[in-house]
Each structure stands twice: as C-alpha cells, then as structure tokens.
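> First, the structure itself, so that you have it in front of you.
Numbering (this note's numbering), first residue to last: 6 to 444.
What follows is the structure in structure tokens.
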C-alpha cells in the first residue's frame with residue numbers, strides 16, 4: 006500500500022449539484038469529490054490520454070465488522086449482490102456486464118468490500134447504473150440457500166490451498182478471538198447455521214449510503230459522474246448506526262505456534278513482529294524494506310533461496326487501520342526447518358546491524374518508479390490504488406504524489422523504521438506443514 010502527503014485539499018470545479026446539502030470539493034487538478042445529501046461519497050479522477058474508464062463501489066464493511074454468529078456474511082453478501090435485484094435476474098446482471106464489454110469483479114476483505122467494472126469511456130454511465138443496481142439486491146431466500154452450498158464448497162476448496170492455511174493460521178494466532186482473526190469466507194459451521202434474515206439485517210445495517218464510496222477514474226467527466234450518482238444513488242437511505250465496535254487488537258504473543266498439515270509436502274516458517282498500521286508515515290519505507298529483504302535480487306533471494314536452503318523467503322507487511330505486523334517467512338522442505346529458520350534470523354540480524362546500502366535502495370526506488378508509472382496509465386489499476394488510499398488515508402493521492410513519496414525513501418528511512426520496529430528479537434514463530442517442528 007502506498008503512502009502520501011498527510012493533507013486533504015477539497016475543491017469545486019463549476020458543477021452545481023442537485024439536491025439540498027450536496028457538496029463538491031476540489032482536491033487538486035486531477036481529483037474532484039462530491040457528497041450526495043444521503044452521505045454517499047463520490048471521488049473522481051480524470052486521466053489524460055486514455056480511452057477507458059473504471060468505476061467501483063467501495064463498501065466499508067468486511068470480516069472485521071461481523072459478530073461471531075455471522076462469520077462469513079460479508080463475503081456471502083458479495084455473492085448475493087450478483088444473484089439478482091428488483092429489476093434484474095442473475096443472468097441479466099452477468100449478460101449486461103458482457104454487453105458493456107466490462108472487465109469486472111468483486112472482492113471482500115477484512116475491512117471492506119469492493120465491486121468494480123472497467124469499460125470503454127462511453128459506457129461508464131451504464132456501468133455505474135449496473136453496479137448501483139447491484140447494491141440494492143433482492144436477496145431471495147431460494148438463492149440464499151443455493152449460494153450457501155457454493156460458499157461451503159469454496160471453504161472446502163480453500164482447505165486444499167497451502168498458502169491460505171498459513172495465512173488464516175497467522176491471523177488466528179496473532180488476533181485470537183478478535184474479529185480480525187477469523188476467516189473472510191467464514192467457517193463451515195457459521196455458514197451452515199447462518200439464517201437468511203441475519204444476512205438481510207447485516208445488509209440493511211452495513212450497505213447504507215453513508216457507508217459507501219463511488220470511485221471513478223480514467224477518461225471521465227466528473228460532472229457527468231456526479232449527475233449519474235445522483236440519478237442512481239440519491240434515494241438510498243443513510244444509517245446512523247452502521248458501525249460495529251470491534252475493540253483494540255490484542256498484543257502480539259511470542260513463542261511458537263504449530264499448524265499440522267500432513268497432506269502437504271512443504272513447510273512454512275513465519276516470524277511475526279509488530280509494525281506500523283495503515284497510514285503510518287513509514288509506509289513507503291516498509292514497502293522498500295519488503296522489496297530489499299525478500300523481492301527479486303533481494304537479500305533473501307541471494308543469501309537463502311539461491312543457496313538452496315529453501316524455495317522462497319521474504320517479508321510481508323500485514324496492515325489494518327489500527328495495527329500492523331511484519332511477517333518474515335521461509336518455505337521449503339520439512340527436513341530443513343532448522344537451516345531455514347537459522348538463515349532467516351541471520352538475514353534479519355544482519356539487516357538490523359548493517360542496514361541496506363544506498364545502491365540497493367536506489368535500485369528499489371527505480372523499480373518502484375517504473376511500476377508506479379505503468380500503473381498510472383491503467384484506469385483499473387488506478388481505481389484499486391484510490392480504493393487503498395481512501396481506506397488508508399481517507400483521501401486519494403495523485404500518481405505524481407505516489408511517485409514522489411516512493412522516490413524519497415532513503416536507507417536512513419529504512420534504518421529508522423527498523424529502529425522503531427526491530428526484527429531481530431524472539432517474535433512469534435509459526436511452523437506450518439507436515440513436520441511437527443520444533444519438537
């Protein structure tokens with residue numbers, strides 16, 4: 006996730022909104038923001054010299070907002086939004102996406118759910134209309150029962166994915182009974198027992214207008230997007246009580262936690278340490294660190310993987326709005342656990358002691374500049390970046406400001422980050438795989 010300037014400049018650009026109390030705010034020459042009277046937020050970015058446009062509806066709800074009896078309901082509801090509305094059947098929705106030539110999808114996370122479509126610029130209005138219609142699903146009980154079986158199959162299939170097992174185990178051990186600790190798909194037991202009415206109640210509570218943001222980017226006219234939002238979304242109701250208290254995440258435990266996975270042939274070792282949450286000023290330094298420690302041509306690549314100690318090793322930043330963690334990992338043969346862990350800890354100690362060289366950091370900056378430059382030319386990619394920015398900072402950043410922030414990171418910034426959040430201590434060790442190690 007990218008960081009940026011810690012300010013929000015809001016402006017108007019000549020569009021007169023319909024509806025009392027509506028506002029338009031200019032953020033800079035590239036962004037305009039509008040808020041409907043019901044609280045629905047609209048953010049627009051105009052990208053020059055492209056011929057397509059992308060739109061998304063960001064719903065601020067996810068696994069974190071679920072109570073224990075409704076684990077998995079956010080993801081379940083994402084499925085149901087494709088099953089039909091009061092004006093369209095499931096087939097109508099899917100055929101309409103194809104008629105528009107849309108590249109589309111939806112996904113549910115711990116803290117949000119996103120629905121999006123990417124189309125030729127002249128089809129953005131009907132694309133937004135279709136996405137908006139999906140936000141008012143009919144939620145018929147027969148479809149609910151059918152989709153329950155689909156999700157149960159999805160849960161069963163996820164048990165066969167090694168990485169998913171490790172990811173879920175990490176969250177369970179780090180967060181315990183906190184809402185961030187449970188699986189986005191839900192558990193077999195909660196999905197089997199989930200009543201239809203509970204899903205309906207969750208929808209009415211969480212899919213309120215003031216809990217949704219419409220984002221559009223590409224070859225767009227913001228005035229047209231604001232008018233489109235008014236036509237299709239202004240009747241949506243606001244909900245003053247759509248939040249669910251989740252409490253502060255627990256302190257990170259230490260020691261060893263083991264997950265037996267006898268049916269797999271590899272072992273994953275993970276060391277977990279505290280790190281900044283989303284929106285921290287050190288976010289760009291964290292991105293640089295994960296690339297330097299575990300990306301291509303990284304310390305782990307040359308000193309661990311290329312020496313044949315394991316098949317892959319590196320670092321991942323796991324961040325939410327109020328907590329964050331660095332996970333150092335090594336995956337390989339179960340019989341080489343001792344060697345893998347020793348090599349991983351050794352690389353962490355060397356980084357803490359000696360830091361990174363200026364030429365290494367410059368190489369990562371160059372790669373990041375190229376990546377961000379390419380991403381700025383794709384409306385769909387920019388759409389996802391804006392989703393991340395709004396979730397992380399509350400406002401979007403221009404491609405240029407992202408580029409500037411990434412280019413400004415130095416070896417001293419990374420050293421300061423590691424001084425705040427050291428990675429050479431005991432940490433929490435996770436061992437996942439067929440070997441019962443450490444004994």
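Idealized CB from N, CA, C, for every residue including glycine.
Below 7 Å CB to CB, which residues in the same chain sit around residue 279 once its five sequence neighbours on both sides are set aside?
Here the set comprises 257, 330, 426.
> Going by C-alpha to C-alpha distance, which of 302, 213, 328 sits closest to residue 140?
Comparing Cα-Cα distances from residue 140 to each of 302, 213, 328, the minimum goes to 213.
> When the distance is taken between beta carbons, is residue 392 closer than 8 Å to residue 224?
No, these two residues do not count as a Cβ contact at 8 Å.
> Could you check what DSSP says for residue 43 in three-state terms: helix, strand or coil?
Of the three classes helix, strand and coil, the one that applies to residue 43 here is coil, per DSSP.
> What three-state label does DSSP hand residue 426 in the structure shown?
Correct three-state label for residue 426: coil.
> Which residue's Cα is closest to the Cα of residue 203: 102, 82, 170?
Considering only alpha carbons, the answer is 82.
> Please state whether DSSP places residue 414 in a helix, a strand or coil.
DSSP places residue 414 in coil when its eight states are reduced to three.
> Pull up the distance between the alpha-carbon of residue 342 and that of residue 163, whole angstroms please.
Each residue's Cα considered, the two are about 25 Å apart.
> Is it true that the region 96-107 meets the region 172-179, where meeting means three or more beta-carbon pairs spaced less than 8 Å apart?
Flag = no, the region 96-107 and the region 172-179 do not touch.
> With a threshold of 16 other CB atoms inside 10 Å of the CB of residue 432, please say whether the residue is buried or exposed.
When all chains shown are included, residue 432 counts as buried.
> So does the region 409-421 actually touch the region 282-301, counting three or more Cβ pairs closer than 8 Å?
Yes: the two stretches touch, three or more of their Cβ pairs being nearer than 8 Å.
> In whole angstroms, what separates the C-alpha of residue 144 from that of residue 93?
Residue 144 and residue 93: Cα-Cα distance of roughly 12 Å.
> Is residue 441 buried or exposed, if buried means 16 or more other CB atoms sit within 10 Å of its CB?
Under this definition residue 441 is an exposed residue.
> Taking residue 336 as part of the beta strand (DSSP E), name the residues at either end of that continuous run.
It spans 328-337 - the beta strand (DSSP E) in which residue 336 sits, taken as one unbroken run.
> Quick check: the Cα distance between residue 210 and residue 137, rounded to an integer number of angstroms?
Their Cα atoms are separated by approximately 17 Å.
> Can you tell me whether residue 241 is buried or exposed? The criterion is at least 16 other CB atoms within 10 Å of its CB, across all chains shown.
Per the 10 Å Cβ criterion, buried.
> Is DSSP giving residue 323 helix, strand or coil here?
Three-state DSSP puts residue 323 in a strand.
> To the nearest angstrom, report how far apart residue 44 and residue 216 are at their CA atoms.
Spanning the two alpha carbons is a distance of roughly 8 Å.
> Starting from residue 259, follow its DSSP beta bridges and name the residues at the other end.
BP columns for residue 259 are empty, so no partner.
> What is the residue span of the beta strand (DSSP E) that residue 119 lies within?
118-125 is the span of the beta strand (DSSP E), which, as asked, contains residue 119.
> Sorted by chain position, which residues of the same chain lie with C-beta nearer than 6 Å to residue 337's C-beta, five sequence neighbours on each side aside?
Cβ within range, chain order: 315, 316, 345.
> Per DSSP, what kind of secondary structure is residue 232 in: helix, strand or coil?
Reduced to three states, the DSSP call for residue 232 is helix.
> Name the DSSP bridge partner or partners of residue 278?
Bridge partners of residue 278: 331.
> Residue 121: which of 89, 348, 58 sits nearest, CA to CA?
For residue 121, the nearest C-alpha among the options comes from 58.
> How far does the beta strand (DSSP E) with residue 68 in it reach, from first residue to last?
Where residue 68 is concerned, there is no enclosing beta strand (DSSP E), given that its DSSP letter is neither H nor E.
> With a floor of 3 residues, list each beta strand (DSSP E) that falls wholly inside the region 118-173, ordered by position along the chain.
Qualifying beta strand (DSSP E) stretches, in chain order: 118-125.
> Given this structure, state the Cα-to-Cα distance separating residue 206 from residue 358, to the nearest angstrom.
So the two alpha carbons sit approximately 54 Å from each other.
> Can you list, in chain order, the residues of its chain with a C-beta nearer than 6 Å to that of residue 130? Leave out the 5 residues immediately preceding and following it.
Same-chain partners within the cutoff: 233.
> Apply the 10 Å Cβ neighbour rule to residue 179 and answer buried if 16 or more other Cβ atoms are within range, or exposed otherwise.
So residue 179 counts as buried.
> To the nearest angstrom, report how far apart residue 274 and residue 265 are at their CA atoms.
Whole-angstrom Cα-Cα distance: 12 Å.
> What are the start and end residues of the alpha helix (DSSP H) that includes residue 112?
Residue 112 -> not in any alpha helix (DSSP H); beta strand (DSSP E) instead, spanning 108-113.
> Closer than 6 Å by C-beta to residue 385: which residues in its own chain qualify, once you throw out the five before and the five after it? Chain order, please.
Contacts found: 59, 123.
> Contact defined as beta carbons within less than 8 Å: I believe residue 76 pairs with residue 191. What is the distance between those atoms, to the nearest angstrom?
Their Cβ separation, rounded to whole angstroms, is 4 Å, which keeps residue 76 and residue 191 in contact under 8 Å.
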